[in-house]
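A.B. asks:
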Amino acid sequence: MKSIEPASDSCEAGNLYRLLPSVNDLLLTPSFADLLKTHSHSTTTEAARTVLVRIRKEISEGQYTHSILADKVKHLDHSVAEELKVSRCFSLRRVINATGVILHTNLGRAPLSASALEHIAETARGYCNLEFDLESGVRSRRDTHAEELILRLLGIDAGSINGRDATTPAAALVVNNCAAATFLALNSLAEGAEVIVSRGELVEIGGGFRIPEILAKSGARMREVGTTNRTRISDYENAIRPETALILRVHQSNFSMEGFTERPALDELVALGRRANIPVFEDQGTGLSISLDELGVGAQPTLPESFRFGADLVAASGDKLLGGPQCGLLAGRIDLIERIRKNPLLRTSRVDKLTYAALEATLMEYLSGMEESIPVVRMLRASPDEILRRCEWVAGQLNNIDLVADVVPAHSLIGGGAAPSARLASSAVALRHALLPPQAFLHLLRQLDPVVIGRVNNDKVSLDLRTVEPEFDATLVSLLQQGAQSDLVSSKRIPSHE
Ligand SMILES: *Cc1c(COP(=O)(O)O)cnc(C)c1O
Numbered sequence: 275m276k277s278i279e280p281a282s283d284s285c286e287a288g289n290l291y292r293l294l295p296s297v298n299d300l301l302l303t304p305s306f307a308d309l310l311k312t313h314s315h316s317t318t319t320e321a322a323r324t325v326l327v328r329i330r331k332e333i334s335e336g337q338y339t340h341s342i343l344a345d346k347v348k349h350l351d352h353s354v355a356e357e358l359k360v361s362r363c364f365s366l367r368r369v370i371n372a373t374g375v376i377l378h379t380n381l382g383r384a385p386l387s388a389s390a391l392e393h394i395a396e397t398a399r400g401y402c403n404l405e406f407d408l409e410s411g412v413r414s415r416r417d418t419h420a421e422e423l424i425l426r427l428l429g430i431d432a433g434s435i436n437g438r439d440a441t442t443p444a445a446a447l448v449v450n451n452c453a454a455a456t457f458l459a460l461n462s463l464a465e466g467a468e469v470i471v472s473r474g475e476l477v478e479i480g481g482g483f484r485i486p487e488i489l490a491k492s493g494a495r496m497r498e499v500g501t502t503n504r505t506r507i508s509d510y511e512n513a514i515r516p517e518t519a520l521i522l523r524v525h526q527s528n529f530s531m532e533g534f535t536e537r538p539a540l541d542e543l544v545a546l547g548r549r550a551n552i553p554v555f556e557d558q559g560t561g562l563s564i565s566l567d568e569l570g571v572g573a574q575p576t577l578p579e580s581f582r583f584g585a586d587l588v589a590a591s592g593d594k595l596l597g598g599p600q601c602g603l604l605a606g607r608i609d610l611i612e613r614i615r616k617n618p619l620l621r622t623s624r625v626d627k628l629t630y631a632a633l634e635a636t637l638m639e640y641l642s643g644m645e646e647s648i649p650v651v652r653m654l655r656a657s658p659d660e661i662l663r664r665c666e667w668v669a670g671q672l673n674n675i676d677l678v679a680d681v682v683p684a685h686s687l688i689g690g691g692a693a694p695s696a697r698l699a700s701s702a703v704a705l706r707h708a709l710l711p712p713q714a715f716l717h718l719l720r721q722l723d724p725v726v727i728g729r730v731n732n733d734k735v736s737l738d739l740r741t742v743e744p745e746f747d748a749t750l751v752s753l754l755q756q757g758a759q760s761d762l763v764s765s766k767r768i769p770s771h772e
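Taking my numbering, the leading residue of the sequence shown gets 275, the next gets one more, and so forth.
1) Skipping 5 residues on each side, what residues in its chain have a beta carbon closer than 6 angstroms to that of A693?
2) Kindly indicate which three-state DSSP category G572 falls into: helix, strand or coil?
3) Determine the closest residue to R323 out of V763, A384 and D299, with distance taken between C-alpha atoms.
4) At a cut-off of 7 angstroms, is N403 close to ligand 1 when judged by its beta-carbon and the heavy atoms of the ligand?
5) Please state whether DSSP places T518 in a helix, a strand or coil.
6) To the nearest angstrom, how far is the alpha carbon of E484 from that of L476?
7) Can you tell me whether D626 sits near ligand 1, meaning its C-beta is under 7 angstroms from at least one heavy atom of the ligand?
8) Determine the closest residue to L577 out of G606, Q600, A550 and I552, with distance taken between C-alpha atoms.
9) Output the boundary residues of the beta strand (DSSP E) element that contains Q558.
10) Could you tell me which residues DSSP pairs with M496 in its beta bridges?
11) With DSSP run on the structure shown, which of helix, strand or coil describes G400?
12) Under 8 angstroms by Cβ, that's how I've got A444 and L425 pegged, so tell me the actual separation to the nearest angstrom.
13) Answer with buried or exposed for L790, where buried requires no fewer than 16 other C-beta atoms within 10 angstroms of its C-beta.
14) Could you tell me the alpha carbon to alpha carbon distance between A355 and H315, rounded to whole angstroms?
15) Looking at V681: is its Cβ nearer than 8 angstroms to the Cβ of L662?
16) Give the secondary structure of S591 by DSSP, where H, G and I count as helix, E and B as strand, and everything else as coil.
17) Rounded to the nearest angstrom, what separates L698 and T373 at their Cα positions?
18) Who does L718 pair with in a DSSP beta bridge?
19) In this structure, what does DSSP give as the bridge partners for S700?
20) Is it true that the CB of G602 sits closer than 8 angstroms to the CB of A585?
21) Provide the residue span of the alpha helix (DSSP H) that contains G757, from first to last.
22) When you compare only the Cα positions, how much space is there between R621 and A467?
23) DSSP on R484, reduced to helix/strand/coil?
24) Taking 8 angstroms as the threshold (C-beta atoms), are A384 and D626 in contact?
25) Once the 5 residues before and after V651 are set aside, which same chain residues still bring their CB inside 8 angstroms of it?
26) For L293, which three-state DSSP category applies?
27) CB-CB under 8 angstroms to E612, same chain, minus the five flanking residues each way: which ones, in chain order?
28) In chain order, what residues of the same chain have a beta carbon less than 6 angstroms from the beta carbon of K359, not counting five sequence neighbours either side?
29) Would a C-beta distance cut-off of 8 angstroms place S262 and N617 closer than the cut-off?
30) Among all residues, which have a Cβ less than 5 angstroms from at least one non-hydrogen atom of ligand 1, and in what chain order do they fall?
31) DSSP state of S389, grouped into three classes?
32) Let me confirm a value: G411 is counted as buried when at least 16 other C-beta atoms fall within 10 Å, else exposed. Which label applies?
33) The beta strand (DSSP E) with N731 in it runs from where to where?
What follows is the structure, given as structure tokens:
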């Protein structure tokens, strides 16, 4: 394998390439004997090739003098051993989230409860009755596993919707996420017809999920009413026509509006829908199922409330404030759910047994009054005092001469597009490294295992412990000690372009 040298290479660079051995020669050197005892010939060859390709690129970028490269070549066995180690690392890594953002979409949103994890492991280890009715021994629907629990969480007993004629039966189903739930509801109930929606709710949720675009893709026609800041019930009423199939209500999620604003309460929309015989569909989004009133973050609509107010159909995420696995819940009038069930597109967003296992266990925690076992609920309710004490403990354990730790007040965020203006009083460990600027120290923390993610605040690295599981406090201390004095520090002292 001879490298093809770029024509622009200087004579010097050309000479440098000649210092590199071939892969075959390299593997024959005595220092590779040990590596070949613990790794197969093909993986070692592959790693050696990767290392040599990387060095060639670095030569072409002018990164080596003759003597530095000669030294590097002498220790190629170390580079290949390191490469073998890296190539065995999973891409998905464990992270300690010290950002203070409880639902961090980039960090995987909701951590699952212990019982959800146990139920996943139990279900995944062998076979299960995913679509099999144990009573009759025949095929059944996978949705049965979560349906009754969802309806009970929503306060719907014996399968009928509360607050209306007790004979209206309800049903629920589970899809891949709330975006899919919303799309499927619109496509199943309003394709080729009109959907009335307020201009104040034509939002983008994040990750490119925009209500007007989803509506267009669903085949429904959007009938916008009102203005960005004010929509009245009469605006909806005046827009109703024979082509109207649905009234859509969207939780405003990731932005808040203040000042001269108005929109009808959900129960007003419901009353209008009943009079005109048009179903009201609420994209509730957060899945919040407990009251956050005691946290002083302002009134947050909950999923059971949407139901109490009489929405005919609601959609919510499983992995936002519900604190479960990624999925989308749809619940409401059985005739509407049946139309969604008949949609051939439903199959494209069905969820697997692991999701049902985690969802079922999470819902069970709520229904048995054990919701404190759900990490998201615990983090929401963690008291500022408790977090302060933990921060003081962590800061007190750090006796590293290169690391100065203080405890400072902080504000945690709910995140995930829920309650954007809500700030939860918290505390953070503020760290200053003697040798590293904050961005470089933050980068170093991302090289640890588990990875530590913090933020930079007032020129210090800030670690908000609200979003760190308390059982990780001791791990965090040893990671910080380790990180502060590791080889990584010396590599970072070279001015970086970060
Ligand atoms: C978050 C959110 C969605 C998207 O939910 P995913 O589960 O991320 O697909 C849709 N609608 C609202 C109102 C949301 O808040």
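Glycine included, each C-beta is placed from N, C-alpha and C at the ideal position.
C.D. replies: Working from what's here:
1) V571 and Q574
2) Under the three-state reduction of DSSP output, G572 falls in the coil class, being neither helix nor strand.
3) Out of V763, A384 and D299, D299 has the C-alpha closest to the C-alpha of R323.
4) no
5) Strand at T518.
6) Per the sequence presented here, residue 484 reads as Arg, with Glu not at that position. When rounded, the distance between both Cα atoms is 7 angstroms.
7) D626: no, Cβ never under 7 angstroms from ligand 1.
8) Closest by alpha carbon: G606.
9) V554 to G559
10) Beta-bridge pairing links M496 to V469.
11) DSSP, read as helix, strand or coil, puts G400 in coil.
12) 6 angstroms
13) What the structure shows of the chain is the stretch from 275 to 772, and residue 790 is not part of that stretch, so it cannot be assessed.
14) 13 angstroms
15) With contacts defined by Cβ atoms closer than 8 angstroms, V681 and L662 form a contacting pair.
16) Looking at S591 - three-state DSSP - the assignment turns out to be strand.
17) 13 angstroms
18) Partner residues in a beta bridge of L718, as assigned by DSSP, do not exist.
19) A684
20) Taking 8 angstroms as the Cβ cut-off, A585 and G602 do not qualify as a contacting pair.
21) D747 to Q759
22) 23 angstroms
23) strand
24) The answer is no: Cβ separation not under 8 angstroms.
25) I564, G597 and E645
26) coil
27) A445
28) none
29) For residue 262 there is no data in the structure shown, the boundaries of the chain being 275 and 772.
30) N451, C452, A453, I479, H525, S527, D557, G559, S591 and G691
31) helix
32) exposed
33) R729 to N731
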